[in-house]
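Comments concern the structure below.
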Amino acid sequence: MEKFQKELSTVLEYVEELKNVNVEGLEEVSQVTGLINVQRSDEAVVAGNCDEIISQAPEIKDGYYKVKAIL
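Residues in the sequence shown are numbered from 816 upward in steps of one, following the numbering used here.
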């Protein structure tokens with residue numbers, strides 16, 4: 816408890832210090848790297864004849880692979 820009190824006090828002192836920083840005229844930012852979304856778009860890609868691939872599954876239900884529940 817004493818350790819966390821000291822750490823919390825340090826954090827709160829730092830927050831008070833930040834309150835005194837002059838930020839007038841500065842633009843708000845949510846990130847500072849300038850990067851944009853670098854992930855590719857999520858698009859389905861058909862990799863061959865689906866019926867042929869599904870027909871090779873050990874078990875099928877409603878046109879999908881049937882697998883055991885994992886949860």
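Backbone N, C-alpha and C define an ideal beta-carbon position, used for all residues, glycine too.
Rounded to a whole number of angstroms, what is the C-alpha to C-alpha distance between residue i and residue j?
i	j	result
residue 876	residue 855	31 angstroms
residue 834	residue 828	10 angstroms
residue 852	residue 830	31 angstroms
residue 843	residue 823	26 angstroms
residue 878	residue 850	41 angstroms
residue 874	residue 862	20 angstroms
residue 869	residue 841	57 angstroms
Kindly indicate which three-state DSSP category residue i falls into: helix, strand or coil?
i	result
residue 883	coil
residue 887	A question about residue 887 goes unanswered here, because the residues of the chain that appear run from 816 up to 886.
residue 824	helix
residue 833	helix
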